[in-house]
Structure formats: C-alpha cells, structure tokens
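Note sheet for the following structure.
In our numbering, the protein residues as written are 26 to 102.
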C-alpha cells in the first residue's frame, strides 16, 4: 500500500501534515470542505515524471481569499 506524506495550508486550518494512503488523503481533504473542492486523484498521482513522479503541489485560487495549497510526496514502498 503506497503511502504519501502531505501538507495542507488553508484559511481556518492550521498547518496540517499527515502520512496516509491516497484514499485516506482524499477522505481527509473532503471532510475539510475546502473551497473549490479537492483535487482529483489523477493530479495527485500523475504529476511529474522520473524522479518527480508522485510528488507535486496543487494551489487553489492562487492570490485569492479562498487560496489553499496542498503538497505531497509518495513514500518509497
């Protein structure tokens, strides 16, 4: 089972860092009811290539009042 370390920065949510599976990450982000929803799983798993595969960053509403960001890294199995 692939694990990810991920960090969320969002208004009203303190800096949040976790290690979970992709499904658990999606569930946690959904429960937070972030503005604009949760990035689809394909964004989280298919970013980059080579050494960057499984790593990435997503920013919703950059520069806006509802801005939030998510960074993740797939851990080696």
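Note that the Cβ used here is the ideal one computed from N, Cα and C, for glycine as well.
I'd like to know whether the C-beta atoms of residue i and residue j end up nearer to each other than 9 Å.
i          : j          : result
residue 39 : residue 60 : no
residue 55 : residue 44 : no
residue 95 : residue 47 : no
residue 29 : residue 97 : yes
residue 35 : residue 57 : yes
residue 79 : residue 50 : no
Please classify residue i: is it buried, with 16 or more other beta-carbons within 10 angstroms of its beta-carbon, or exposed?
i          : result
residue 67 : exposed
residue 81 : buried
residue 26 : exposed
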